[in-house]
Amino acid sequence: MRFEAVFVAGYALLLVGVAAGLHRLGGQDTSPWRSRMLAGHRRRTADPPPDTGSADWPHSEAGRLHTGIALVTAVAAATLSAAEMVRHHRPVEIAVLGAIALTAIAATVRLWAVFAGSRP
Amino acid sequence: MDSSAVTTPRRRDRLIGRGWIQAAALVILFGFFVLVLMGYQTYQSGPPIPERTVTPSGQTVYTRADVKAGQGVFLKNGLMEYGSIFGHGAYLGPDFTADYLHRSAELVNKTYGGTGSGSAAQRTIDDYRVNKYDARTRTLTISDAQAEAFTTMTAYYARFFASPQGKTGLRPKAITDPTQIRQLTGYFAWSAWAAAAQRPGEKYSYTNNWPSEPLVGNKPTADTVLWSAVSLIALLGGTGALFAAFGRWNWLGWHGRDRQELRFREPGSVGLTPSQRTTAWFFFAVVGLFLLQTIVGAASQHYRADLGSFFGIPLDRWLPYNLVRTWHVQLALFWVATSFLAAGIFLVPMITRRRDPKWQAGLAYALLGALVVVVVGSMLGELAGMRGAFGELWSWLGMQGFEYLDLGRLWQILLTIGMAFWVVLLWRGLRHKLATESRANLPWLFFFAALALPVVYATGLLARHDSSFTVTDFWRFMVVHLWVEDFLELFTTVMVAYIFVLLGVVREHIALRVVFLDIVLYSAGGVIGTAHHWYFNGEPASVLALGAFFSAFEVIPLTFLTIEAWTFIRLGARQESKSAAAFPHRWAVMFLVAVGFWNFLGAGVFGFLINLPVVSYFEMGTSLTANHGHAAMMGVYGMLAVGFAMFALRYLVPARRWSDRAAAVSFWSLNAGLAWMVFVTLLPLGLLQLYRSADVGYFDARSLSFVSDSTNTVFEWLRLPGDVVFIVGGIGPLLWLAWLGVRHRGRHAAPLGAGPPASAETPAPAGAVEHGSTGAAAPVEQELVLFTEVVPPAEGVRPAD
Ligand SMILES: [Fe+2]
Numbered sequence: 173m174r175f176e177a178v179f180v181a182g183y184a185l186l187l188v189g190v191a192a193g194l195h196r197l198g199g200q201d202t203s204p205w206r207s208r209m210l211a212g213h214r215r216r217t218a219d220p221p222p223d224t225g226s227a228d229w230p231h232s233e234a235g236r237l238h239t240g241i242a243l244v245t246a247v248a249a250a251t252l253s254a255a256e257m258v259r260h261h262r263p264v265e266i267a268v269l270g271a272i273a274l275t276a277i278a279a280t281v282r283l284w285a286v287f288a289g290s291r292p
Numbered sequence: 169m170d171s172s173a174v175t176t177p178r179r180r181d182r183l184i185g186r187g188w189i190q191a192a193a194l195v196i197l198f199g200f201f202v203l204v205l206m207g208y209q210t211y212q213s214g215p216p217i218p219e220r221t222v223t224p225s226g227q228t229v230y231t232r233a234d235v236k237a238g239q240g241v242f243l244k245n246g247l248m249e250y251g252s253i254f255g256h257g258a259y260l261g262p263d264f265t266a267d268y269l270h271r272s273a274e275l276v277n278k279t280y281g282g283t284g285s286g287s288a289a290q291r292t293i294d295d296y297r298v299n300k301y302d303a304r305t306r307t308l309t310i311s312d313a314q315a316e317a318f319t320t321m322t323a324y325y326a327r328f329f330a331s332p333q334g335k336t337g338l339r340p341k342a343i344t345d346p347t348q349i350r351q352l353t354g355y356f357a358w359s360a361w362a363a364a365a366q367r368p369g370e371k372y373s374y375t376n377n378w379p380s381e382p383l384v385g386n387k388p389t390a391d392t393v394l395w396s397a398v399s400l401i402a403l404l405g406g407t408g409a410l411f412a413a414f415g416r417w418n419w420l421g422w423h424g425r426d427r428q429e430l431r432f433r434e435p436g437s438v439g440l441t442p443s444q445r446t447t448a449w450f451f452f453a454v455v456g457l458f459l460l461q462t463i464v465g466a467a468s469q470h471y472r473a474d475l476g477s478f479f480g481i482p483l484d485r486w487l488p489y490n491l492v493r494t495w496h497v498q499l500a501l502f503w504v505a506t507s508f509l510a511a512g513i514f515l516v517p518m519i520t521r522r523r524d525p526k527w528q529a530g531l532a533y534a535l536l537g538a539l540v541v542v543v544v545g546s547m548l549g550e551l552a553g554m555r556g557a558f559g560e561l562w563s564w565l566g567m568q569g570f571e572y573l574d575l576g577r578l579w580q581i582l583l584t585i586g587m588a589f590w591v592v593l594l595w596r597g598l599r600h601k602l603a604t605e606s607r608a609n610l611p612w613l614f615f616f617a618a619l620a621l622p623v624v625y626a627t628g629l630l631a632r633h634d635s636s637f638t639v640t641d642f643w644r645f646m647v648v649h650l651w652v653e654d655f656l657e658l659f660t661t662v663m664v665a666y667i668f669v670l671l672g673v674v675r676e677h678i679a680l681r682v683v684f685l686d687i688v689l690y691s692a693g694g695v696i697g698t699a700h701h702w703y704f705n706g707e708p709a710s711v712l713a714l715g716a717f718f719s720a721f722e723v724i725p726l727t728f729l730t731i732e733a734w735t736f737i738r739l740g741a742r743q744e745s746k747s748a749a750a751f752p753h754r755w756a757v758m759f760l761v762a763v764g765f766w767n768f769l770g771a772g773v774f775g776f777l778i779n780l781p782v783v784s785y786f787e788m789g790t791s792l793t794a795n796h797g798h799a800a801m802m803g804v805y806g807m808l809a810v811g812f813a814m815f816a817l818r819y820l821v822p823a824r825r826w827s828d829r830a831a832a833v834s835f836w837s838l839n840a841g842l843a844w845m846v847f848v849t850l851l852p853l854g855l856l857q858l859y860r861s862a863d864v865g866y867f868d869a870r871s872l873s874f875v876s877d878s879t880n881t882v883f884e885w886l887r888l889p890g891d892v893v894f895i896v897g898g899i900g901p902l903l904w905l906a907w908l909g910v911r912h913r914g915r916h917a918a919p920l921g922a923g924p925p926a927s928a929e930t931p932a933p934a935g936a937v938e939h940g941s942t943g944a945a946a947p948v949e950q951e952l953v954l955f956t957e958v959v960p961p962a963e964g965v966r967p968a969d
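Each protein sequence line maps, in turn, to chains A and B.
Its first residue numbered 173, the first sequence is counted upward by one per residue in our numbering.
Its first residue numbered 169, the second sequence is counted upward by one per residue in our numbering.
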């Protein structure tokens with residue numbers, strides 16, 4: 173594999189990881205009540221507020237933004253590895269870049285399903 | 169109460185503990201004390217500019233006057249917006265310090281016998297590293313080989329800048345005057361000398377051995393490595409300590425017993441004052457400038473993808489890279505600042521709930537007119553200045569040339585006056601409110617944060633084109649870092665906090681604590697952290713150490729306040745569900761959510777990625793800087809400016825014309841386009857360039873041949889779809905909404921003071937729980953209707969504190 177192909181393969185793989193990470197980060201529950209920052213306060217207060225899940229607006233939208241950006245990142249990974257296959261296509265390069273492109277496409281499809289499904 | 173209201177209005181009590189104020193004051197004092205010390209260091213320890221640089225036999229090669237004139241030539245021709253000096257400037261052209269250093273060292277090496285000779289390498293290193301500057305006679309002696317290289321390099325730059333066919337991104341025949349070329353070469357030669365000659369008594373150069381250049385023995389210093397490690401530890405330790413502290417003490421005091429009810433009013437039922445209605449034109453200007461900024465940005469981007477021509481058109485004749493790049497960075501500041509000014513004007517009547525003072529709307533229009541004059545005047549000045557107009561007055565009217573302070577001094581002064589005039593407008597509007605408020609409460613903080621904007625921006629006037637570069641860079645970063653990264657950020661925090669308070673979704677005392685926390689965190693990290701721009705521009709190692717250590721703390725508020733921002737919004741979510749009328753600011757809040765995201769990614773992650781001295785050493789001036797710059801500037805300030813526009817336009821455009829769909833398309837296109845730009849082009853290119861710089865050398869990583877090689881070109885072209893989405897899908901709908909704003913300008917809104925028949929179903933809001941204190945103190949005038957009605961809990965439970 174030539175340097176450029178190795179670089180693009182590694183970078184595209186990193187992007188797929190970033191996409192997964194961003195999506196997960198968006199799903200994090202950042203309830204002010206459950207926040208570690210409020211651990212001390214929580215102990216002192218008798219009645220907790222009515223719970224708001226991560227599906228409530230606008231938190232749901234924060235998660236959606238993360239998923240949206242993750243989606244763009246996954247598409248970017250697929251595009252980069254596909255473009256690189258056009259430029260460099262020795263068998264090993266095709267194999268590696270193709271595998272990564274497929275992974276990126278799978279991630280794209282999954283993220284799209286989540287993104288479209290969460291439309292308010 | 170009635171009698172005191174007539175004589176002297178009693179000030180409302182402070183809503184924040186004394187400890188917060190003392191902490192903020194202490195940290196601010198400490199931060200600025202260290203900043204002043206570093207300023208003193210800058211004047212004391214910068215590299216000297218020798219009166220004469222001579223050969224061993226006493227022949228003059230170049231003089232102090234040449235170097236200073238050379239800096240002038242460099243600036244007025246916009247070369248800092250083409251390439252860089254000491255690593256500071258634009259990223260297409262070479263870094264002229266590294267360029268001169270590498271090329272001349274190669275020539276010297278060849279004179280001494282080249283690679284075939286064993287001693288040539290060492291003799292070259294000695295020529296550059298041994299500091300032969302005599303402080304007594306203020307004379308620098310260089311070797312004959314170096315003097316010979318100077319002559320060759322002068323001829324080289326004469327060819328480079330006078331190139332008739334362009335192909336460099338500069339205007340064809342940009343600089344042809346032989347005197348100017350010699351002065352320019354003198355300037356580059358001096359900077360290269362400072363980059364390699366050892367500081368008296370030290371083993372490293374004036375620039376802490378920057379740039380990396382094996383030919384002259386330049387490699388990262390021990391300080392560079394050590395303080396990088398310390399910086400990492402500071403980041404981890406600082407974050408841990410802060411989170412631990414927040415777990416222990418409930419500083420911000422969120423509480424769950426808040427039972428008050430919010431009823432959002434239909435935007436159309438909120439009356440607007442004439443000054444608020446002027447902002448329709450402001451926001452139209454904002455979007456127009458934004459569009460222009462992206463178009464010139466696309467043009468400058470095109471040079472990176474194809475240096476030769478713009479689809480067959482010789483763009484470089486009239487719109488060379490350095491001109492479009494200048495406009496691109498200037499317009500970024502202009503449109504964002506215009507949005508902030510407009511948001512301030514829009515917010516004042518909502519804060520005071522009073523009618524405008526006399527002439528307020530007229531003055532606001534005058535301000536907008538003045539802004540247009542400054543924007544158009546400065547941009548034309550830059551165009552004409554780069555083409556040699558204005559003679560002696562070039563730095564006043566034309567291209568002053570410091571990256572981000574490109575506009576001529578006249579325009580710079582007018583812009584400062586404009587901002588001061590804006591503060592006067594705010595003062596006129598806020599006067600009565602301020603008289604009844606403690607100076608530590610939100611209205612005053614809003615005013616102080618606004619007042620700081622012209623004051624800090626004015627420090628940029630101390631960057632003079634004829635000062636030593638190290639000194640000019642000190643003042644330049646007072647604007648680029650301190651003004652943009654700290655004081656705009658502070659003003660932003662106050663504005664956003666205030667909007668949340670006015671919307672009723674956050675308690676005023678909680679918002680105050682967030683603002684004070686912001687002041688403490690930014691004064692600790694951000695003020696001293698300004699030094700993270702001064703690692704390698706001629707400042708001593710102590711400044712590098714301070715910058716590395718304290719700027720690590722700057723990342724903490726970026727990520728931390730993001731988490732706080734979520735909780736801010738969450739508090740709103742809970743109460744929103746109680747309101748019958750839909751929350752009208754869905755998309756304005758969405759843009760704030762985006763601000764939080766990009767603050768974390770663009771400013772926090774991408775910023776810290778290049779903040780460690782040892783990374784910065786190889787990275788400076790590469791695409792990784794552009795990566796951070798775009799993700800942070802557009803992601804944070806750009807999204808915020810658009811969010812402000814969305815907020816105000818929601819009132820200026822009648823509901824039946826308003827399109828949530830346009831807002832949605834704009835929101836997703838801007839975010840997707842920005843993410844594409846960052847992940848497809850800027851980040852991978854930056855990583856490649858960083859690798860090249862550490863592997864082969866900085867000179868090579870910044871050379872035109874590397875920047876425009878085929879790998880880079882592919883990444884540059886792949887960016888196109890994202891840019892199209894950003895411009896067409898992102899700005900198009902925005903332009904439409906802004907146009908609707910101008911067309912309707914809130915004329916449909918309810919008449920002032922009358923208010924909607926809100927009392928039909930609920931008791932009148934007569935001075936909403938926390939922010940309506942004037943309601944009791946000044947009953948003379950009927951209050952303006954606010955967009956949210958806060959209904960206190962039925963049992964009359966006092967809000968917990
Ligand atoms: Fe900075």
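Heads up, the beta-carbon is just placed ideally off N, CA and C, and yes, glycines get one too.
Check: Contact set between residue 839(B) and chain A, taken where Cβ atoms lie within less than 9 Å; Outcome: 237, 240, 241, 244
Check: Short-range partners of chain B found in the stretch 249 to 262 of chain A, where Cβ spacing is below 7 Å; Outcome: 251, 252, 255, 259
Check: Within-8 Å CB hit, residue 176(A) to chain B; Outcome: yes
Check: The beta strand (DSSP E) enclosing residue 568(B), as first and last residue numbers; Outcome: 567 to 570
Check: Nearest residue (CA-CA) to residue 717(B), options 626(B), 181(B), 391(B); Outcome: 391(B)
Check: Contacts that residue 187(A) makes with chain B (C-beta to C-beta distance below 8 Å); Outcome: 847
Check: At least three beta-carbon pairs within less than 8 Å, the stretch 190 to 207 of chain B to the stretch 682 to 694 of chain B; Outcome: yes
Check: 4-residue-minimum alpha helix (DSSP H) runs that sit fully inside the stretch 788 to 822 of chain B, ordered along the chain; Outcome: 791 to 800, 807 to 820
Check: contact_flag[the stretch 633 to 646 of chain B, the stretch 204 to 217 of chain B] where n(CB pairs < 8 Å) is 3 or more; Outcome: yes
Check: Straight-line Cα distance separating residue 512(B) from residue 925(B); Outcome: Low confidence applies here, because residue 925(B) scores a pLDDT of 39, under 50, leaving its location unreliable; read the following figure in that light. Spanning the two alpha carbons is a distance of roughly 28 Å.
Check: Touch test, the stretch 281 to 300 of chain B against the stretch 513 to 526 of chain B, Cβ-Cβ under 8 Å, three pairs minimum; Outcome: no
Check: Proximal chain A residues relative to residue 844(B), where beta-carbon distance stays under 7 Å; Outcome: 244, 248
Check: Endpoints, the beta strand (DSSP E) within which residue 229(B) is located; Outcome: 228 to 231
Check: Sequence-distant residues of the same chain with beta carbon closer than 6 Å to residue 191(A), five excluded per side; Outcome: 242, 245, 246, 279
Check: Residue-level contact to chain B via CB, residue 209(A), 8 Å cutoff; Outcome: With a pLDDT of only 48 at residue 209(A), under the threshold of 50, the placement of this residue in the model should not be trusted; the figure read from the coordinates follows. Chain B contact via Cβ: present.
Check: Cβ pair residue 545(B), residue 564(B) closer than 8 Å; Outcome: no
Check: Beta bridge counterpart(s) of residue 366(B) as assigned by DSSP; Outcome: 373(B)
Check: Three-state secondary structure assigned by DSSP to residue 829(B); Outcome: helix
Check: Alpha helix (DSSP H) segment containing residue 872(B), residue limits; Outcome: 872 to 875
Check: Euclidean distance between Cα positions of residue 256(B) and residue 286(A); Outcome: 43 Å
Check: Assigned secondary structure, residue 839(B) (DSSP; H/G/I helix, E/B strand, else coil); Outcome: helix
Check: Cβ-Cβ distance between residue 383(B) and residue 270(B) below 8 Å; Outcome: yes
Check: Distance, residue 754(B) Cα to residue 451(B) Cα; Outcome: 19 Å
Check: Between the CA atoms of residue 695(B) and residue 722(B) - distance to the nearest angstrom; Outcome: 9 Å
Check: heavy atom of ligand 1 below 7 Å from residue 798(B) C-beta; Outcome: no
Check: Euclidean distance between Cα positions of residue 191(B) and residue 680(B); Outcome: 14 Å
Check: Positions along the stretch 868 to 893 of chain B whose CB lies within less than 7 Å of some CB in chain A; Outcome: 879, 882, 886
Check: Residue 294(B) in three-state terms, based on DSSP; Outcome: helix
Check: Cβ pair residue 752(B), residue 435(B) closer than 8 Å; Outcome: yes
Check: Same chain, Cβ closer than 8 Å to residue 708(B), neighbours up to 5 away in sequence not counted; Outcome: 209, 213, 367
Check: Reduced DSSP category for residue 302(B) - H, G, I as helix; E, B as strand; rest coil; Outcome: strand
Check: Simplified DSSP assignment, three categories, for residue 553(B); Outcome: helix
Check: Any non-hydrogen atom of ligand 1 closer than 7 Å to residue 653(B) Cβ; Outcome: yes
Check: Contact between the stretch 442 to 459 of chain B and the stretch 499 to 518 of chain B (3+ Cβ pairs under 8 Å); Outcome: yes
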